[in-house]
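Quick note, the sequences are listed as chains Y and L, same order. Counting along the first sequence from 1, when you hit position 150 you're at 149 in numbering that gives the first Met the number 0, and nothing is skipped either side. Counting along the second sequence from 1, when you hit position 264 you're at 263 in numbering that gives the first Met the number 0, and nothing is skipped either side. Even glycine gets a Cβ: it sits at the ideal position worked out from N, Cα and C.
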Amino acid sequence: MAPYLLLLPALIFLATFTYWPMAQVVFASAFEGRTIGSATTYVAFGNYLRLLDDEDFLGALWNTILFITWTVIPSMALGFLFALALRRSGWLSNIHRALLFFPTLLPLVAAASLFIFIFLPGVGLLDYYLAKIGVHGINWLGDPDLALWSIMLLTIWKNAGYYMLFFLAGLQSLPEDAEDAALIEGASWWQRQYFVVIPMLGPTFAFVSVIAIITAVVQVDHVIVMTKGGPNNATNLLLFYVYQQAHEFYDIGKATAATVVTLAFLLALSALSLRTMERRVHYES
Amino acid sequence: MKAEVAATEAAAAPVSTAKATLRPWPALAAALFAAVVFLWSAPILWMLLASTRPESFGSLDMARLLPDTIPTTDQFNYAIQDGDWIIWFLNSFILVTGTLIVQLVTISLAGYAFARMEFRGKEILFYVFLFQLMLAPPVLIVPNLTTLVHLGLYDTLIGVMAPYWGSAFGTFLMRQTFRSIPRDFEEAAVIDGASWRQILWLVLLPLARPGIIAFSIVSVVFHWNEYLWPLMVLNSPENMVLTVGLVSFALGAEGASDWGLIAAGTLLVVAPLAVAFVAFQRQFVNSFMSTGIK
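Structure (structure tokens):
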């Protein structure tokens, strides 16, 4: 009995706040109503069809795909470059690491409130210094064509230093001989990174990309604080859409259906990450 | 979570001494990189400067990144008068401690079972935990809020904590930590007739300190910083936590274009973790390397 009793406390919370709500949300997405439970009209896949008809939802889905792509790739690339640059430890390197990592520790809402000022038209940090080199009049958060990219900038700033840590750990665990051999063969620095280091860090890249993707899907605090999905839904992301449907429009049918879609999104990614981890275990042993 | 613990171990390993990695930087590249790091730190630097400028400072030059005034605490004084900071701090403190304490109990027990016991259904149960790792709780905000209402936990700090009390990530971290402890330590205790309770409490947990510390740092940082979930659960002003308070505070100050005040408020929220980070930099870095999924 002992093992089951030991698992029980954790399982109770997993069941109550992960598995039960998952079942609930799938069930509730087949009904229309204002709250879960009070929803009485059975509509089968009606809510999903309504989602497909909803330009805001399709926009949020597309924005999320853009957001994932253009935050994950740049922040991983930067994190990797930072790690390469700071591979040797020393006092200066340690200070640089700490400064680059620091944004990770900030609450996303605190970073967002700083960046509202940074993006402020005219007197904000970016415009103030851009004006000195003759660039004027960029409305970072107010321009529908720019707003999503501005929010991505904040996300990249906040996460690159975090991913740097994983690459630093990966670099330190690499066997030294391969790189030395390449050096003796006369490979340049770029060649050594491209042909030796990056292939050997494959598992680290896979692992970090999974974390980065999940982070991109589940964090929408900055959207709530900076743009509320606007202007004109330009920064609406999936999870923000769910939040909006549930708490502004009280459309629980759409909210639950959108949650299921978001979950499916994450599950596809979790399959990927399971595979990654299995591969990693083999790699280690 | 083998991978994550491996990362922690790698962090502690001695720095590579390969010739290929030991080449010094060309001066130009070093200067260029320092410039990038400066650019990266500019938002933080601005926060420090803006929050210590006197109230009379013109808003036109608010963005300037030069220390051009004698630092004052004006902005902090106004910020403290403007918000219920003491209540917010206290609630955030209760939130992170309450979350962590229960987590430590549940993950130690479950981690121990997975690390040291054989039982039927172990593999399936393992996947039950693993699965949760991928389903970040924020996605389930809508149904979880309904559950909290039914349980009478809406608008309570316990309601904010409860969904995190069974942490799959923590369970894996503890499992890995326990597995890295040689069995010899327990065998002596078993021969002496110790029960699993005694083995866990007296032998394994003291040896699992690095794992416990790593999990604690990550958990505290995550819950101190979380916004969306407490925003949805909490309603009354006396239950507000720092992140939610900061946003309402900043929105008010934004209307007045009082950026120095916002910077000061932001700094207040960030300060405890920042101070801890400066003091225990190595611990923080190692812990975060072990996280992967929060």
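The beta-carbon separation of Ala213 of chain L and Asn285 of chain L, rounded to 7 Å, stays under the 8 Å limit for a contact. In the DSSP assignment, His95 of chain Y falls within the alpha helix (DSSP H) that extends over Trp90 to Leu104. Following the DSSP letters along the chain, one finds Tyr3 of chain Y inside the alpha helix (DSSP H) bounded by residues Ala1 to Leu13.
A straight-line Cα-Cα distance of about 23 Å links Leu145 of chain Y and Ser40 of chain L. For Ala181 of chain Y, the CB contacts under 8 Å within the same chain, skipping 5 residues up- and downstream, are Gln190, Arg191, Phe194 and Val195 in chain order.
The beta-carbon distance between Val240 of chain L and Leu129 of chain L, rounded to whole angstroms, is 30 Å. This is too long to meet the 8 Å contact definition.
At the C-beta level, Met288 of chain L and Leu164 of chain Y come within 8 Å of one another. Residues of chain L with a Cβ closer than 8 Å to the Cβ of Leu140 of chain Y do not exist; the shortest Cβ-Cβ separation is about 12 Å. The region 94-108 of chain L makes contact with the region 160-176 of chain L; the number of CB pairs closer than 8 Å reaches 3 or more. Check the Cα spacing between Leu266 of chain L and each of L:Ile79, L:Pro142, L:Leu139 and L:Ala114: the tightest is with L:Ile79.
The alpha-carbon separation between Val217 of chain Y and Ala186 of chain Y amounts to approximately 42 Å.
When secondary structure is reduced to three states using DSSP, Phe30 of chain Y falls in the strand class. Against Leu108 of chain L, the close residues of chain Y are Leu4, Leu5, Leu6, Leu7, Pro8 and Ala9, in the order they occur along the chain (beta-carbon pairs closer than 9 Å).
Here the alpha carbon of Gly264 of chain L sits roughly 7 Å from the alpha carbon of Leu245 of chain L.
If you check each beta-carbon in the region 33-51 of chain L against every beta-carbon of chain Y, the ones closer than 9 Å belong to Ala33, Val35, Val36, Phe37, Trp39, Ser40, Ala41, Pro42, Ile43, Trp45, Met46 and Ala49. At a C-beta separation below 7 Å, Pro20 of chain Y has these neighbours in chain L: Leu139, Pro142, Asn143 and Thr146. One Cα belongs to Leu227 of chain L, the other to Ile86 of chain L, and the distance between them is close to 19 Å.
Ranked by Cα distance from Ala257 of chain Y, the options Y:Leu268, Y:Ala245 and Y:Ala267 are led by Y:Ala245. Relative to the Cα of Leu103 of chain L, the nearest Cα in the group L:Glu253, L:Thr51 and L:Arg174 belongs to L:Arg174.
Listed as beta-bridge partners of Tyr41 of chain Y by DSSP are Y:Phe30. Neighbours of Trp258 of chain L in chain Y, taken as residues whose beta carbon is under 7 Å from its own, are Phe116 in chain order. With a cutoff of 8 Å on beta-carbon distance, Leu13 of chain Y and Val138 of chain L are scored as not near each other.
Inclusion of Leu237 of chain Y and Ala59 of chain Y in the CB contact set at 8 Å is warranted, their separation being smaller than that value. For Tyr153 of chain L, the nearest beta carbon of chain Y is not closer than 8 Å to its own beta carbon. Of the other Cβ atoms in all chains shown, 16 or more fall within 10 Å of the Cβ of Glu178 of chain Y; this residue is therefore buried.
Taken through DSSP and simplified to helix, strand or coil, Arg63 of chain L comes out as coil. Contact annotation: Phe116 of chain Y and Leu140 of chain Y have beta-carbon atoms that are not nearer than 8 Å. Among the residues of chain L, none has a CB under 9 Å from the CB of Phe166 of chain Y; the nearest is roughly 10 Å distant. For the options Y:Asn46, Y:His95 and Y:Tyr242, the alpha carbon positioned closest to that of Ala84 of chain Y is the one of Y:His95. Of all C-beta pairs linking the region 213-223 of chain L to the region 225-233 of chain Y, fewer than three are shorter than 8 Å, placing the two stretches out of contact. Residue-level contact by beta carbon fails for Asn90 of chain L and chain Y, as no gap is shorter than 8 Å. The beta carbon of Val101 of chain L sits closer than 8 Å to those of Met160 and Trp164, all from its chain and outside the five residues before and after it, given in chain order. Spanning the alpha carbons of Ser50 of chain L and Gly82 of chain L requires a straight line of approximately 16 Å. Neighbours of Leu99 of chain L in chain Y, taken as residues at a C-beta separation under 7 Å, are lacking, since the least C-beta distance is about 14 Å. Between Leu173 of chain Y and His221 of chain Y, the C-beta gap is not smaller than 8 Å, which leaves the two residues out of contact.
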